[in-house]
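Chemist: Respectively, the protein sequence lines represent chains A and B. Quick note: the first sequence uses UniProt numbering, first residue 1, plus one each step. Quick note: the second sequence uses UniProt numbering, first residue 1, plus one each step. Got a structure for you, written out below as structure tokens; questions coming shortly.
Number of protein chains: 2
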Amino acid sequence: MSSESPTYSPLYRQIKSLLVQALEAGEWRPGELIPSEMELATRFNVSQGTVRKAIDELAAENLLLRRQGKGTFVATHNDPRAFFRFLRLVPLSGIIEPARSVPLECWRAKAGPEAARALELKVGEPIVIVRRVLEFAGKAVVADEIYLPGETFAGLNLEMMKDAQDSFYTLLESRFGVRMIRAVERVRAVAADRASAEILHVAEGSPLLSVERISYTYGDKPMEWRRGLYLTQDHCYLNELG
Amino acid sequence: MSSESPTYSPLYRQIKSLLVQALEAGEWRPGELIPSEMELATRFNVSQGTVRKAIDELAAENLLLRRQGKGTFVATHNDPRAFFRFLRLVPLSGIIEPARSVPLECWRAKAGPEAARALELKVGEPIVIVRRVLEFAGKAVVADEIYLPGETFAGLNLEMMKDAQDSFYTLLESRFGVRMIRAVERVRAVAADRASAEILHVAEGSPLLSVERISYTYGDKPMEWRRGLYLTQDHCYLNELG
DNA sequence: CAGTGGTCTAGACCACGTC
DNA sequence: ACGTGGTCTAGACCACTGC
């Protein structure tokens, strides 16, 4: 996160780094309670206020979650308030319906130039590819193709994804210990090809939203590259600009 | 901004409200330096730390801009680092070229149901409509249609917009004293109609990004409704997900 | 009730920009 | 040298949660 000039780094940022290291090392698992501010202050030999400021930033970046009276928790995708945290699609009607994920295929392959660039792998390194559909109110609205580094996710298979309870990121988190921190999306308008048109039940050539996403875990490491085709007849991609 | 439960509001939020009120009242104009934290602390009879926390939040919301060693300034769209703050379009090549705005038309009308809803006006109230094109590297990439409340922007005309130096929001700020704080965009994929296709030099029916934006000024008051059609052959809509 | 995060204060010192 | 925001500390008290 921090690309500091090397000359100076305030204490609270150093504490922040130490906390991120601890998170990365798995000292506290997703969903777990971390030590209180006072305990951490003692451990790092700084005042509570300094720990507080470090935690403030981590909470702002959604790495931690503060809950007054209870404590500070490691953020997780397995939480109602963060279930589809990266999904910006909302119905035009305004009535929010839960999404349902329908996995279609899952296979191994070697990284092509595109996937290699997105995932910072070498061409030819193993990857896992997943195809799935997102349904809203029983209608297919999103066709996703997901590329993951094969090394880390070697054990991934279709069966795992059948548990409709879990979101995809919850699965990666609980089964493979990989937590996505942030993501970047590139959105364009494209014409539906034959296959996508069939999946989404529209005419070939219909305009679709192409949403390319790269998700990053700790240390800005890309861990997922995905391309989604969104049907925006009854839904739209909502974005708040600060 | 804050939808507090009425039971309790911390002091620093009250200070924040007072600061917003002062901004809204125009006590300090966009770009101007506001009093130092110490002065404000004296004025409001609180400690510097409390003022600091209020300013922290306003800076995070881009209402104020802190500059170490100089002071705190009222944010403005007339600033290199915030010139096209709401424009998410970037070239696929990665090479950033400055956008050029080409105003086409500007006329008065009465609000239809759609515009009235977006701008929170009554149907039939006066509005101003602007059509313009954004060019990157001499090529038309965005066709915008902009709807503004007619009351506030009665004096707006094409001539004003010919100064290519100013961004559109800079103009609204300097000439009409209206500063846009935040915006919400709804993105969809659509097929180019005849008129848009001509402006963007593509075939009718080509897929385009439809970007609908409502911009808000102080007090969450909608002050602009705009619909842009983006050509995403050489550009994409970039979005960072926290 | 005890323990947590949240607020508020006051004062010391640091880093940056200007004169 | 001076004034600004930025950091760090220490301590008091408030608000929320759960036992």
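Glycine included, each C-beta is placed from N, C-alpha and C at the ideal position.
#1: Verify the CB distance criterion: does residue 245 of chain B have a CB-CB separation below 8 Å to chain A?
#2: Compute the beta-carbon to beta-carbon distance between B/Thr76 and B/Gly31, rounded to the nearest angstrom, for a pair I have assumed lies under 8 Å.
#3: Which two residues bound the contiguous beta strand (DSSP E) that contains B/Phe168?
#4: Between B/Ile181 and B/Leu63, how many whole angstroms is the CB-CB distance? I'm expecting something under 8 Å.
#5: Quick check: is the beta carbon of B/Tyr218 nearer than 8 Å to any beta carbon in chain A?
#6: Would you say A/Leu119 reaches chain B, if we count a Cβ-Cβ gap shorter than 8 Å as a contact?
#7: Quick one: Cα of A/Ser210 to Cα of B/Thr217, how far?
#8: Give the residues of chain A in contact with B/Tyr169, contact being defined as C-beta atoms less than 9 Å apart.
#9: For chain A, is any of its Cβ atoms less than 8 Å away from the one on B/Gly49?
#10: Counting only C-beta atoms, is B/Val187 closer than 8 Å to chain A at any point?
#11: Considering only their Cβ atoms, is the gap separating B/Val51 from B/Ala59 smaller than 8 Å?
#12: I want to verify the contact list: residues of chain A whose CB lies under 9 Å from the CB of B/Arg182, in sequence order.
#13: Answer with buried or exposed for B/Pro149, where buried requires no fewer than 16 other C-beta atoms within 10 angstroms of its C-beta.
#14: Report buried or exposed for B/His201, applying the criterion of at least 16 other Cβ atoms within 10 angstroms of its Cβ.
#15: Helix, strand or coil: how does DSSP classify A/Pro207 here?
#16: Any idea what DSSP makes of A/Leu64, helix, strand or coil?
#17: List the residues of chain A whose Cβ lies closer than 7 Å to the Cβ of B/Tyr147, in chain order.
#18: Determine, for A/Val190, whether the minimum Cβ-Cβ distance to residues of chain B falls below 8 Å.
#19: 8 Å is my cut-off, CB to CB: does B/Thr7 come that close to chain A?
#20: Reducing DSSP to helix, strand and coil, say where B/Phe73 ends up.
#21: Does the Cβ-Cβ distance between B/Leu238 and B/Arg88 come in under 8 Å?
#22: Looking at the C-beta of A/Asn78, does it have a partner C-beta in chain B at a distance below 8 Å?
#23: Scan the UniProt domain "HTH gntR-type" (9-77) of chain A for residues whose Cβ lies nearer than 7 Å to a Cβ of chain B and list them as they occur along the chain.
#24: Name the residue from B/Met223, B/Ala143 and B/Leu241 whose alpha carbon lies nearest to the alpha carbon of B/Ala115.
#25: Give me the Cα-Cα distance between B/Leu156 and B/Arg188, rounded to the nearest whole angstrom.
#26: Can you round the beta-carbon distance between B/Leu229 and B/Ser196 to whole angstroms, since I take them to be within the 8 Å contact cut?
#27: Alpha carbon to alpha carbon, how far is A/Leu11 from A/Val46? Give it in angstroms, no decimals.
#28: Taking only beta carbons into account, state which residues of the stretch 222-238 of chain A come closer than 7 Å to chain B, listed in chain order.
#29: Let me confirm a value: A/Glu4 is counted as buried when at least 16 other C-beta atoms fall within 10 Å, else exposed. Which label applies?
#30: Name, going along the chain, the residues of the stretch 195-210 of chain B whose beta-carbon falls closer than 7 Å to a beta-carbon of chain A.
#31: Compare the beta carbon distance of B/Glu145 and B/Asn78 with 8 Å and say whether it is the shorter of the two.
#32: Per DSSP, which one or two residues make a beta bridge with B/Pro149?
#33: Taking the beta strand (DSSP E) that A/Val109 falls in, what are its first and last residues?
#34: Assuming contact is defined by CB atoms lying nearer than 8 Å, are B/Ala99 and B/Leu134 in contact in what I supplied?
#35: So, are the CB atoms of A/Arg213 and A/Glu204 less than 8 Å apart?
Modeler: Reading off the structure:
#1: As shown, chain B starts at 1 and ends at 242. That puts residue 245 of chain B outside it, with no answer to give.
#2: In the second sequence, counting from the first residue as 1, residue 76 of chain B sits at position 76. In the second sequence, counting from the first residue as 1, residue 31 of chain B sits at position 31. That belief holds up - the Cβ atoms of B/Thr76 and B/Gly31 are roughly 4 Å apart, short of 8 Å.
#3: What you label residue 168 of chain B is simply residue 168 of the second sequence in a count that begins at 1. Careful: B/Phe168 lies outside any beta strand (DSSP E), inside the alpha helix (DSSP H) at Phe168 to Phe176.
#4: In the second sequence, counting from the first residue as 1, residue 181 of chain B sits at position 181. In the second sequence, counting from the first residue as 1, residue 63 of chain B sits at position 63. With a Cβ gap of about 6 Å, B/Ile181 and B/Leu63 count as contacting.
#5: For this step, residue 218 of chain B is matched to residue 218 along the second sequence. False, the Cβ-Cβ gap to chain A never drops below 8 Å.
#6: Stepping through the first sequence from its first residue, residue 119 of chain A is reached at position 119. At a cut-off of 8 Å between beta-carbon atoms, A/Leu119 makes no contact with chain B.
#7: In the first sequence, the residue the question calls residue 210 of chain A occupies position 210. In the second sequence, the residue the question calls residue 217 of chain B occupies position 217. Going from the Cα of A/Ser210 to the Cα of B/Thr217 covers about 31 Å.
#8: Counting from 1 along the second sequence, the entry for residue 169 of chain B is found at position 169. Per Cβ cutoff of 9 Å: no residues; B/Tyr169 is ~12 Å from chain A at best.
#9: Taking the first residue of the second sequence as position 1, residue 49 of chain B is located at position 49. No, because no Cβ of chain A sits closer than 8 Å to the Cβ of B/Gly49.
#10: Residue numbering aside, residue 187 of chain B sits at position 187 when the second sequence is read from its first letter. For B/Val187, the answer is yes, since a Cβ of chain A falls inside 8 Å of its Cβ.
#11: The count along the second sequence starts at 1 and reaches residue 59 of chain B at position 59. The count along the second sequence starts at 1 and reaches residue 51 of chain B at position 51. For B/Ala59 and B/Val51, no; Cβs fall outside 8 Å.
#12: As a position in the second sequence, residue 182 of chain B is number 182, starting the count at 1. Going along chain A in sequence order, the residues near B/Arg182 (Cβ under 9 Å) are Glu240, Leu241 and Gly242.
#13: Counting from one through the second sequence, the residue named residue 149 of chain B turns up at place 149. Taking all protein chains shown into account, B/Pro149 has 16 or more neighbouring C-beta atoms within 10 Å of its C-beta and is therefore buried.
#14: Here residue 201 of chain B refers to the residue found at position 201 when the second sequence is read from its first residue. By the Cβ neighbour-count rule, B/His201 is exposed, with fewer than 16 other Cβ atoms within 10 Å of its own.
#15: By 1-based counting over the first sequence, the position of residue 207 of chain A is 207. Here A/Pro207 carries a strand assignment [DSSP, helix/strand/coil].
#16: As a working mapping, residue 64 of chain A is identified with position 64 in the first sequence. In the structure shown, A/Leu64 sits in a strand (DSSP, three-state: E or B).
#17: In the second sequence, residue 147 of chain B corresponds to position 147, counting from 1. Near B/Tyr147 there are no residues of chain A at all, since even the closest Cβ is about 18 Å away, more than 7 Å.
#18: The residue you call residue 190 of chain A lines up with position 190 of the first sequence. Yes, A/Val190 lies at the interface with chain B (some Cβ there is under 8 Å from its Cβ).
#19: Locating residue 7 of chain B in the second sequence gives position 7, counting from the first residue. Interface flag for B/Thr7 against chain A is unset, since no Cβ pair is found closer than 8 Å.
#20: The residue you call residue 73 of chain B lines up with position 73 of the second sequence. Strand, per DSSP.
#21: Start at 1 with the first residue of the second sequence, and residue 238 of chain B comes out as number 238. Start at 1 with the first residue of the second sequence, and residue 88 of chain B comes out as number 88. Their beta carbons are under 8 Å apart, which means B/Leu238 touches B/Arg88 by this criterion.
#22: Here residue 78 of chain A refers to the residue found at position 78 of the first sequence. So, not an interface residue.
#23: Of all residues in the UniProt domain "HTH gntR-type" (9-77) of chain A, only Glu61 and Asn62 place a beta-carbon less than 7 Å from a beta-carbon of chain B.
#24: Taking the first residue of the second sequence as 1, we reach residue 115 of chain B at position 115. The residue from B/Met223, B/Ala143 and B/Leu241 with its alpha-carbon nearest to that of B/Ala115 is B/Met223.
#25: As a first step, residue 156 of chain B must be located in the second sequence, where it is residue number 156. As a first step, residue 188 of chain B must be located in the second sequence, where it is residue number 188. About 29 Å.
#26: As a working note, residue 229 of chain B is residue 229 in the second sequence. As a working note, residue 196 of chain B is residue 196 in the second sequence. The distance from the Cβ of B/Leu229 to that of B/Ser196 is about 5 Å, consistent with a contact at the 8 Å cut-off.
#27: Stepping through the first sequence from its first residue, residue 46 of chain A is reached at position 46. Stepping through the first sequence from its first residue, residue 11 of chain A is reached at position 11. C-alpha separation (whole angstroms): 9 Å.
#28: Those would be Thr232, Cys236, Tyr237 and Leu238, in chain order.
#29: Translated into positions along the first sequence, residue 4 of chain A becomes position 4. Low per-residue confidence applies at A/Glu4: pLDDT is 39, beneath 50, and the placement is therefore not dependable, though the value from the model is reported in the following sentence. The residue is exposed, with fewer than 16 neighbouring Cβ atoms inside 10 Å.
#30: Of all residues in the stretch 195-210 of chain B, the ones placed with a Cβ closer than 7 Å to any Cβ belonging to chain A are Pro207, Leu208 and Leu209, in chain order.
#31: Along the second sequence, one-based indexing puts residue 145 of chain B at 145. Along the second sequence, one-based indexing puts residue 78 of chain B at 78. No, these two residues do not count as a Cβ contact at 8 Å.
#32: Residue 149 of chain B sits at position 149 when you count from the first residue of the second sequence. According to DSSP, which records beta bridges pairwise, B/Pro149 is partnered with B/Ile127.
#33: Translated into the one-based positions of the first sequence, residue 109 of chain A becomes position 109. A quick correction: the sequence has Ala, not Val, at residue 109 of chain A. A/Ala109 -> beta strand (DSSP E) spans Ala99 to Lys110.
#34: Position 99 of the second sequence holds residue 99 of chain B. Position 134 of the second sequence holds residue 134 of chain B. Between B/Ala99 and B/Leu134, the C-beta spacing is below 8 Å.
#35: Walking along the first sequence from the start, residue 213 of chain A turns up at place 213. Walking along the first sequence from the start, residue 204 of chain A turns up at place 204. Their beta carbons are not under 8 Å apart, which means A/Arg213 does not touch A/Glu204 by this criterion.
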